[in-house]
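I have placed the structure first, in the form of structure tokens, so that the comments after it can refer back to it.
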Amino acid sequence: MTGELGEWKAKRYLDFHDTMVDTSSPFPCYFAVDAHRNGRLRYLFAPSPPTAEGGETLAEGLREYLAQADSIGDITSLVAFFEPPSRERSADWYESAFWDLLASLREADTEPWPSSIPKDPTDPQWTFCYDGTPLFMVARAPFYDERKSRYTPHGLEITIQPRSVFEGLGAETVEGQRARRAIRARLRAYDDVEPHPDIGDYTDPTSYEWKQYFLPESNEETTERFPLSDVFTRQLRERIGGD
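Counting along the sequence shown from 1, when you hit position 72 you're at 72 in UniProt numbering, and nothing is skipped either side.
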């Protein structure tokens, strides 16, 4: 695969591959490890996230991925690698870039919001949706130090999963409880900091999906306000105005 890629793309993929196959320090999410080894992950290389091209590439690539996701396997994800910035960037820069990308996805989305998912991000059953599909996301970036599971050395990386991959793995199921215990144990062994307090279970009334997408480095930090509140409010008003 790497022979077909330019330098930064090959470097990004190889770093990811090495992380997934490292048996001396196993990556916490064994579902991702297994999916990579079994060829059920898909990869997208996009221009730098602050550019319009970065958002457009993500929107188009994610739409194409979701069209085929059901045929790939029960556990699958799209891993989006963004071209590294020309110089070192701060945590705030990466966080802003991440949420700007999600805002661009909302703007590019032509499908209606799924009726089964509330539009209010403070609802415990809310999750980000695109192209009519509920999703879960995990962002990784170079600024992380102690939270090694969220660290990647060369630029922003976003793993996007259809929420359907979690069917049968809810917190109320035996399999789901077993998976959470295993992942939490691996997370504590992998990171130099305890799991962030914002990490929780979907539909748990004390947990918010969006807070888990882009975690702070410190457990003392949290994002108080949903970063895309203005985008969602404006779109809701436009929809009501058009009815």
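Cβ coordinates follow ideal geometry from the N, Cα and C atoms, glycine included.
Keep in mind it's a predicted model, so treat the numbers as computed, not measured.
Who are the near neighbours of Ala108 in its chain, counting only those whose CB is closer than 7 angstroms to its CB and skipping five residues on each side? For this step, residue 108 is matched to residue 108 along the sequence shown. Ala59.
Within 8 angstroms, strictly: CB atoms of residue 244 and Glu95: Because the chain in this structure spans residues 1 to 243, residue 244 falls outside the shown range and cannot be described.
Check whether the Cβ atoms of Ala139 and Tyr213 lie closer than 8 angstroms to each other. One-based indexing of the sequence shown puts residue 139 at position 139. One-based indexing of the sequence shown puts residue 213 at position 213. At the C-beta level, Ala139 and Tyr213 come within 8 angstroms of one another.
Residue nearest to Ser104 in terms of C-alpha spacing, selected from Tyr13, Gly54, Leu135 and Ala32: The sequence position of residue 104 within the sequence shown is 104, counting from 1. The residue with the shortest Cα to Cα distance from Ser104 is Gly54.
Since Ile160 is in the beta strand (DSSP E), which residue starts that stretch and which ends it? Within the sequence shown, residue 160 is the residue found at index 160, counting from 1. For Ile160, the enclosing beta strand (DSSP E) begins and ends at Glu157 to Pro162.
For a test of the three-state rule: what should DSSP assign to residue 255, helix, strand or coil? Nothing can be reported for residue 255, as the shown portion of the chain is limited to 1 through 243.
Where does Pro134 land, buried or exposed, given buried means 16+ other C-beta within 10 angstroms? Start at 1 with the first residue of the sequence shown, and residue 134 comes out as number 134. Buried, because 16 or more other Cβ atoms sit within 10 Å of the Cβ of Pro134.
Pairing CB atoms from the segment 31-47 with CB atoms from the segment 142-151, are three or more of them under 8 angstroms? For the pair of segments examined, the segment 31-47 was found not to touch the segment 142-151: the number of CB pairs separated by less than 8 angstroms stays below three.
State the Cα-Cα distance for the pair Lys119 and Phe136, rounded to the nearest angstrom. Stepping through the sequence shown from its first residue, residue 119 is reached at position 119. Stepping through the sequence shown from its first residue, residue 136 is reached at position 136. For Lys119 and Phe136, the distance between alpha carbons rounds to 15 angstroms.
Top-ranked residue by Cα proximity to Arg106, from Thr122, Phe128 and Ile117: Indexing the sequence shown from 1 puts residue 106 at position 106. Among Thr122, Phe128 and Ile117, the Cα nearest to that of Arg106 is on Phe128.
Restricting to Cα atoms, I'd like to know which of Tyr13, Pro142, Leu78 and Asp191 is closest to Asn219. Taking the sequence shown and counting its residues from 1, one reaches residue 219 at position 219. For the residues Tyr13, Pro142, Leu78 and Asp191, the minimum Cα distance to Asn219 belongs to Asp191.
Could you give the first and the last residue of the continuous beta strand (DSSP E) run that contains Phe16? Translated into the one-based positions of the sequence shown, residue 16 becomes position 16. No beta strand (DSSP E) contains Phe16, which is instead part of the alpha helix (DSSP H) from Glu7 to Val21.
Tell me the residue span of the beta strand (DSSP E) that contains Phe27. The sequence position of residue 27 within the sequence shown is 27, counting from 1. Where Phe27 is concerned, there is no enclosing beta strand (DSSP E), because DSSP gives it neither an H nor an E.
Among Leu215, Arg180 and Gln177, which one has its Cα closest to the Cα of Val193? Mapped onto the sequence shown, residue 193 falls at position 193. Nearest neighbour of Val193 by Cα position, chosen from Leu215, Arg180 and Gln177, turns out to be Leu215.
Using the Cα positions of Thr51 and Asp100, report the straight-line distance between them to the nearest angstrom. The residue you call residue 51 lines up with position 51 of the sequence shown. The residue you call residue 100 lines up with position 100 of the sequence shown. Roughly 10 angstroms between the two C-alpha positions.
Cutting at 6 angstroms between CB atoms, please list the residues of its own chain near Phe45, excluding the five before and the five after it. Mapped onto the sequence shown, residue 45 falls at position 45. Around Phe45: Lys9 and Phe81.
Would you identify the three-state DSSP class for Phe81, choosing helix, strand or coil? For the purposes of this step, residue 81 is taken as residue 81 along the sequence shown, with counting starting at 1. Strand, per DSSP.
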